[in-house]
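>
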Amino acid sequence: MDNTLDLLLKIQSLNDELEDAKAQLKQIPQEIVKLEKQISTREEDLKNAETRILDLKKTYKLKEIEIADNEEKIKKLNTQTFAVKTNEEYRAILNEVDFLKQKNKEIEDEMLGLMEEEEKLKNSIDAIRSQTKEFTDTAQGRIAGMKKKTESLDEQQKLAKATLDDDLAKLPDDTRELYKRITKVRDKAVCAIVDNTCTGCYANLTHQFLNELKKRNKILLCETCGRILVYTTPD
Ligand SMILES: [Zn+2]
428 MDNTLDLLLK IQSLNDELED AKAQLKQIPQ EIVKLEKQIS TREEDLKNAE
478 TRILDLKKTY KLKEIEIADN EEKIKKLNTQ TFAVKTNEEY RAILNEVDFL
528 KQKNKEIEDE MLGLMEEEEK LKNSIDAIRS QTKEFTDTAQ GRIAGMKKKT
578 ESLDEQQKLA KATLDDDLAK LPDDTRELYK RITKVRDKAV CAIVDNTCTG
628 CYANLTHQFL NELKKRNKIL LCETCGRILV YTTPD
């Protein structure tokens, strides 16, 4: 009976190991997806900043062309003033020149804003780039580690399952049936006793019951939760 009780504890521990591996194997793919999402968000942010710098440069060039065009128009209008016949015509041309000059001033202000934004982005892009690389490298390292861990958990699971099956076969038939029956309704079928308490439901065990358990000569169930209780001598 001593052997059976120890075997039951071993079976329970193998079962715990299997459950733990199963939980980790379920968790890992979710964590990988989360990290991959974070990587692509960072890379997108970097790309957006780089594209914005290029856009700002392009817009700045277009504004320069617009100013040059307006200056060309002003020059033409100024030459036209020599040929005008009426005051009205003359005033109209001057108004047009004023309008274009005002327009160019506004464009220059816009260009100043564009330049400031480009400057600011250029100053921060190196930091963004290195932070993105650092984050991506770390995250990819973690992903590779988790993929490796999946493989070792798979192996560990196979090994534990094989040992568990072997050990279950070693149990007396009625004990195995009892173990299986409890496993169906409880997370744990076998519990060690710690501090005079069932580690499954944390019920205190009576002195008399403890004495029975200490004998280790039969299978006894917790009166509160129905799990198999095993008394072990502290190492
Ligand atoms: Zn209990």
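Count along the sequence shown from 1, add 427, and you get the number used in the numbering used here. Positions of the beta carbon are idealized from the N, C-alpha and C atoms, including for glycine. Because the structure is a prediction, the values reported are computed rather than measured.
(1) For residue 619, which three-state DSSP category applies?
(2) Does ligand 1 have even one heavy atom less than 7 Å from the beta-carbon of residue 450?
(3) Verify the contact flag: residue 651, CB atom, against every heavy atom of ligand 1, threshold strictly below 7 Å.
(4) Does DSSP put residue 644 in a helix, a strand or coil?
(5) Restricting to Cα atoms, I'd like to know which of 510, 504, 533 is closest to residue 524.
(6) Should residue 627 be counted as a contact of ligand 1 given a C-beta to heavy atom distance under 7 Å?
(7) According to DSSP, simplified to helix, strand and coil, what is residue 656?
(8) Does DSSP classify residue 431 as helix, strand or coil?
(9) Could you tell me whether any non-hydrogen atom of ligand 1 is closer than 7 Å to the CB of residue 616?
(10) On the DSSP bridge assignment, give the partners of residue 631 in chain order.
(11) Quick one: what's got a C-beta closer than 7 Å to residue 486's C-beta in the same chain, skipping five residues either side?
(12) Just to confirm before moving on: does the CB-CB distance between residue 619 and residue 649 stay below 8 Å?
(13) For residue 443, name the three-state secondary structure that DSSP assigns.
(14) I think residue 484 touches residue 545, with their Cβ atoms under 8 Å apart; what is that distance to the nearest whole Å?
(15) Is residue 650 helix, strand or coil when you go by DSSP?
(16) Label residue 617 either buried or exposed according to how many other C-beta atoms from any shown protein chain fall within 10 Å of its C-beta, with 16 as the threshold for buried.
(17) For residue 532 and residue 502, I'd like the C-alpha separation in whole angstroms.
(18) Enumerate, from N- to C-terminal direction, the unbroken alpha helix (DSSP H) stretches of 4 or more residues contained entirely within the region 524-608.
(19) Between the beta-carbon of residue 583 and the beta-carbon of residue 450, is there less than 8 Å?
(20) Which same chain residues end up closer than 7 Å to residue 497 when comparing Cβ atoms and leaving out the 5 residues on each side of it in sequence?
(21) Write down the C-beta distance between residue 587 and residue 445 rounded to the nearest angstrom, noting that I regard them as a contact closer than 8 Å.
(22) Taking just the CA atoms, how far does residue 452 sit from residue 633?
(23) Roughly how many whole angstroms lie between the Cα atoms of residue 614 and residue 627?
In terms of the structure at hand:
(1) Correct three-state label for residue 619: strand.
(2) no
(3) yes
(4) coil
(5) 504
(6) yes
(7) strand
(8) Looking at residue 431 - three-state DSSP - the assignment turns out to be helix.
(9) no
(10) Looking at the DSSP output, residue 631 bridges to 624.
(11) 541.
(12) no
(13) helix
(14) With 8 Å as the limit, residue 484 and residue 545 qualify as a contact, their Cβ atoms being about 7 Å apart.
(15) coil
(16) buried
(17) Roughly 16 Å between the two C-alpha positions.
(18) none
(19) Contact check for residue 583 against residue 450 fails: the beta carbons are separated by 8 Å or more.
(20) 527, 530, 531
(21) 5 Å
(22) 40 Å
(23) Distance from the CA of residue 614 to the CA of residue 627, rounded to the nearest whole angstrom, comes to 9 Å.
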